[in-house]
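>
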Amino acid sequence: MTESGKTDRAEPLQRPERNMETNPDVVVIGGGPAGLSAGAWCADLGLSAVLIEEGDTPGGQLHSINNPIVNYAGLEAANGREFAASLLRWQEQFAFRRLLGTRVESIGAEPLAVRTETGAEFRPSAVILATGVSRRKLGLRGEDDLVGKGILRSGAGQREEAKGKHVIIVGGGDAAIENALILGEHAERVTVIHRSREFRARPEFLAKAKAAGNVELRTESFLTAIRGEERFEGVDVAGPGGAGDSIDADLLLVRIGFKPNSELLRGLAELDVSSYVQVDVNSQTSIPMIYACGDVANPISPTIST
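The opening residue of the sequence shown carries number 46 in the working numbering; numbering runs sequentially from there.
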């Protein structure tokens, strides 16, 4: 750090000249906070880097956060989109190539190669996987088709739609109970369905939910079907002992956790029992020169990783 308080940029590494178009030093897969940070560090170290992001805009899961972000050191934002905008302005100063709207189809280890769905192939010296996580789904018919037709993407972002409605929330963690509280401020009735006997949410969230007059907490139950053709109409539920019943409702929100986007390394590198990428202290996977960072390698708790 200099006397002015600024951090010195790292000395660029001296590298033999390469064809960056096809043989960059590093390919970063994923354009969320962890991927953008990896690209920035590569540029700072004088490494040629290509960042490949499946979406049209970098930022990853930030774009789906509707609540204020107040616990990230040094920066507050009204929501994830505002945070992402700040992150994107910051990363523009770093010279690394960005390929947006491009999906990686496969990674090869010997020789190290990254292939995209368009047929392009890169032969880097190293790969950094920063593909993050995705929300888990129930796997029931209609779950995707009825999004926007009664199935909510976000409780906080769509709370106005719950006015006077009956909302079903599936899940037992913080996200499920927090959304029950948010939507319960507008809904006539909220039913939370959790497959286990005990909820995993914070005690303070549960205490508020139990005190709310319009929130029902239902345990040892799980959905067997989503009803509705043109619009969500309700669910079929199996309860304790296999007893089943149907619940009519207006809206549905699923919050059953996350799954790592680690498919590219399945059968190639070591994953844990939940399919998170296993890495060493240097963030290297079980395959030399393939690294992973951010949520895809963090089974404890999804967070904003830089």
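Backbone N, C-alpha and C fix where the C-beta goes; we use that ideal spot for every residue, glycine too. The structure presented is a predicted model; accordingly, all values stated were derived computationally and were not measured.
Quick check: what's the CA-CA separation for R234 versus R240?
R234 and R240: Cα-Cα distance of roughly 20 Å.
> Which residue marks the beginning of the beta strand (DSSP E) containing D290, and which one marks its end?
Per DSSP, D290 belongs to the beta strand (DSSP E) from G289 to D293.
> How many angstroms separate the CA atom of P347 from the CA atom of G177?
For P347 and G177, the distance between alpha carbons rounds to 8 Å.
> Among residues of its own chain, excluding the 5 on either side of A140, which ones have a beta-carbon nearer than 6 Å to its beta-carbon?
A88, listed in sequence order.
> Under the assumption that A94 contacts P69 (Cβ atoms under 8 Å), give the Cβ distance between them as a whole number of angstroms.
Confirmed, about 6 Å.
> Indicate the three-state DSSP secondary structure (helix, strand or coil) for A201 in the structure shown.
The answer is coil: DSSP assigns A201 none of H, G, I, E or B.
> Is G200 near L298, with beta carbons less than 8 Å apart?
Closer than 8 Å, so yes.
> How would you label A225, buried or exposed, when you count the other beta carbons within 10 angstroms and need 16 or more for buried?
When all chains shown are included, A225 counts as buried.
> Smallest Cα separation from I238: which of Q106, G217 and E155?
Nearest option by C-alpha distance: G217.
> Who are the near neighbours of G195 in its chain, counting only those whose CB is closer than 6 Å to its CB and skipping five residues on each side?
For G195, where only same-chain residues beyond five positions count, the Cβ hits under 6 Å are R276, F277 and L296.
> Could you check what DSSP says for D281 in three-state terms: helix, strand or coil?
Looking at D281 - three-state DSSP - the assignment turns out to be strand.
> For G284, which residues of its own chain have a beta-carbon under 6 Å away from its beta-carbon, when the five flanking residues on both sides are left out?
For G284, where only same-chain residues beyond five positions count, the Cβ hits under 6 Å are S266.
> How far does the alpha helix (DSSP H) with E127 in it extend, from its first residue to its last?
Residues G125 to Q136.
> Looking only at its chain, what residues have a beta carbon closer than 7 Å to the beta carbon of V251, apart from the 5 residues adjacent to it on each side?
Before going further, note that residue 251 is Leu rather than Val in the sequence given. Contacts found: I222 and F244.
> Given this structure, state the Cα-to-Cα distance separating R272 from I213, to the nearest angstrom.
About 12 Å.
> In three-state DSSP terms, what is N206?
What sits at residue 206 in the sequence shown is Glu, not Asn. E206 falls in the helix class under three-state DSSP.
> So, at 6 Å on beta carbons, what are the nonlocal neighbours of D340 in its own chain, with the 5 sequence-adjacent residues on each side left out?
These residues qualify, in order along the chain: G177, V178 and P347.
> Hey, out of E162, R126, G105 and H231, whose CA is closest to L81's CA?
Among E162, R126, G105 and H231, the Cα nearest to that of L81 belongs to G105.
> Would you say the beta carbon of K255 is closer than 7 Å to some non-hydrogen atom of the ligand GDP?
Looking at this structure, you won't find the ligand GDP or any other ligand, since it has none at all.
> For F244, which three-state DSSP category applies?
Looking at F244 - three-state DSSP - the assignment turns out to be coil, as it is neither helix nor strand.
> Which of the three DSSP states is assigned to P344 in this structure?
Reduced to three states, the DSSP call for P344 is coil.
> Once DSSP output is grouped into helix, strand and coil, what is the label at L185?
Residue state, collapsed to three classes: coil.
> Of all the options A122, A130 and V192, which has the alpha carbon lying nearest to the alpha carbon of T102?
Of the listed residues, the one whose Cα sits closest to T102 is A130.
> Does the beta carbon of G76 sit closer than 8 Å to a beta carbon anywhere in chain C?
Absent from the structure: chain C. Only one protein chain is present.
> So the alpha helix (DSSP H) E223 belongs to, where does it begin and stop?
From DSSP, the alpha helix (DSSP H) with E223 extends over D219 to G229.
> For G289, which option in T269, K304 and E308 has the closest C-alpha, if you only look at C-alpha atoms?
Ranking T269, K304 and E308 by Cα distance to G289 puts T269 first.
> Using the three-state DSSP reduction, which class does G153 fall into: helix, strand or coil?
Three-state result, G153: strand.
> State whether the stretch 245-264 contacts the stretch 147-163, with contact taken as three or more CB pairs (one from each stretch) at a distance under 8 Å.
Contact fails: fewer than three Cβ-Cβ distances are below 8 Å.
> Would you call G77 buried or exposed, if buried means 16 or more other Cβ atoms sit within 10 Å of its Cβ?
Classification of G77: buried, given that the 10 Å Cβ count is 16 or more.
> If we count the other Cβ atoms within 10 Å of its Cβ and call it buried at 16 or more, is L120 buried or exposed?
Exposed, by the Cβ-count rule.
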